[in-house]
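Asker:
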Amino acid sequence: EDPTLKVKYEDETAQTIISGMGELHLEIIVDRLLREFNCHVNVGRPRVVYRETIQKKVEIEGIFEKELGEKKHFGHVRIALSPRKRGSGNDVIIKLDDSVIPQDFHEVIEEGIREAMMNGVLNGYPVMDTEVAIIGGSFREGESSAQGYKIAASTAFRDGCGQAEPIMLEPIMMVDVITPSEFMGDVIGDINARKGEIQAVNPKGTVSEIKAKVPLKAMFGYSTDLRSSTQGRAVFSMIFSEYNKI
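Adding 29 to a residue's 1-based position in the sequence shown gives its number in this note's numbering.
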């Protein structure tokens, strides 16, 4: 019913994780579980989904060489990592000649890199806005294998991220508050206390519209706090804006 809702089960913690567009979205889902499905659930504090990225270019190689089941497995790739513009996503570019590594292995090399992108080197969050160019490697007849190249590519990516000045990114929300003008100062002060950045203040008769960018981690409980500080007369909405360095 809801394409923005994601559900997964964590074996380590034995918890079901529900991911949504924000605190209110999650509250609505929990309420529906109770009302429509009679599911009484223990709900923990919402968690922010962070991201990781890199800040500088790095060239690095990964080599895997091991005997598994009486068969030698070999893989050797060289990659170049580069940071991309914020919000542009990841990109994997294959710049290999078939004479260096046969084309049959190109897809599995890319697969190894993309899987490694799902868990960054800092805290295991997905890596974003990173370009990876597969620029070289080597091939050994009778020893090179898909498994070898996949592991070599994954190792190269993780080692490269560690050398490319990795940083954590946090989600920033665009918050739009409409409040009676008499409470405008309190609302702005509260946003500043949450390390938000005021983007615009637009007076509209007896009310004012305040637009601000605020870290998502600072927005938990905001609905209750806003009602309290404005006698329940202000309303707000928020949408995802961007990821920024913590």
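Glycine residues also receive a C-beta, built at the ideal position from the N, C-alpha and C atoms.
Contact between the stretch 214-224 and the stretch 173-192: three or more CB pairs below 8 Å?
Answerer: no
Asker: Which term fits Arg107, buried or exposed, when burial requires 16 or more other beta carbons within 10 angstroms of its beta carbon?
Answerer: Locating residue 107 in the sequence shown gives position 78, counting from the first residue. By the neighbour-count rule (16 or more Cβ atoms within 10 Å), Arg107 is buried.
Asker: Which one or two residues does DSSP pair with Ser237 in a beta bridge?
Answerer: Against the sequence shown, residue 237 aligns to sequence position 208. Per DSSP, Thr208, Pro232.
Asker: Would you kindly check if the distance between the Cβ of Ala109 and the Cβ of Ile164 is under 9 Å?
Answerer: By one-based count along the sequence shown, residue 164 stands at place 135. By one-based count along the sequence shown, residue 109 stands at place 80. Against a cut-off of 9 Å, the Cβ pair of Ala109 and Ile164 comes out as a contact.
Asker: Can Val129 and Arg80 be called in contact, C-beta distance under 9 Å?
Answerer: Here the question's residue 129 lines up with position 100 in the sequence shown. Here the question's residue 80 lines up with position 51 in the sequence shown. Not closer than 9 Å, so no.
Asker: Do the stretch 182-202 and the stretch 137-152 make contact, defined as three or more Cβ pairs closer than 8 Å?
Answerer: yes
Asker: State buried or exposed for Val161, treating a residue as buried only when at least 16 other CB atoms are found within 10 Å of its CB.
Answerer: As a position in the sequence shown, residue 161 is number 132, starting the count at 1. Val161 should be labelled buried.
Asker: Within 10 angstroms of the Cβ of Thr45, are there 16 or more other Cβ atoms? Answer buried if so, exposed if not.
Answerer: Residue numbering aside, residue 45 sits at position 16 when the sequence shown is read from its first letter. Counting of Cβ neighbours within 10 angstroms places Thr45 among the exposed residues, the total staying below 16.
Asker: For Pro112, which residues from the same chain have a beta carbon less than 6 Å from its beta carbon, with the 5 sequence-adjacent residues on both sides left out?
Answerer: On the sequence shown, residue 112 is found 83 positions in, with the first residue counted as 1. Contacts found: Ile83, Gln84.
Asker: Check whether the stretch 197-209 touches the stretch 254-270, counting contact only when three or more Cβ pairs, one atom from each stretch, lie closer than 8 Å.
Answerer: yes
Asker: Which word fits Asp158, buried or exposed, when buried means at least 16 other C-beta atoms lie within 10 angstroms of its C-beta?
Answerer: Counting from one through the sequence shown, the residue named residue 158 turns up at place 129. Classification of Asp158: buried, given that the 10 Å Cβ count is 16 or more.
Asker: Tell me which residue opens and which closes the beta strand (DSSP E) that Glu65 is part of.
Answerer: The residue labelled residue 65 in the question sits at position 36 within the sequence shown. Unbroken run through Glu65 is the alpha helix (DSSP H), 52-66; no beta strand (DSSP E).
Asker: Can you check whether the CB of Leu245 is closer than 9 Å to the CB of Val77?
Answerer: As a first step, residue 77 is located in the sequence shown; it is residue number 48 there, counting from the start. As a first step, residue 245 is located in the sequence shown; it is residue number 216 there, counting from the start. Result yes, Cβ atoms of Val77 and Leu245 sit closer than 9 Å.
Asker: Is the number of C-beta pairs between the stretch 226-245 and the stretch 192-204 that are closer than 8 Å three or more?
Answerer: yes
Asker: Would you mind giving the Cβ-Cβ distance between Ser252 and Leu125, rounded to the nearest angstrom? I have them listed as a contact below 8 Å.
Answerer: Start at 1 with the first residue of the sequence shown, and residue 252 comes out as number 223. Start at 1 with the first residue of the sequence shown, and residue 125 comes out as number 96. At roughly 52 Å, the Cβ-Cβ gap does not stay under 8 Å, so Ser252 and Leu125 are not in contact.
Asker: Go through its chain and collect everything with a Cβ distance to Ser266's Cβ below 8 Å, but skip five positions before and after it.
Answerer: Position 237 of the sequence shown, counting from 1, holds the residue named residue 266. Closer than 8 Å at Cβ, skipping near neighbours: Val204, Asp205.
Asker: Check whether the Cβ atoms of Glu176 and His102 lie closer than 9 Å to each other.
Answerer: Against the sequence shown, residue 176 aligns to sequence position 147. Against the sequence shown, residue 102 aligns to sequence position 73. This sequence places Gln at residue 176; Glu is not what is there. In this structure, His102 lies closer than 9 Å to Gln176 by Cβ.
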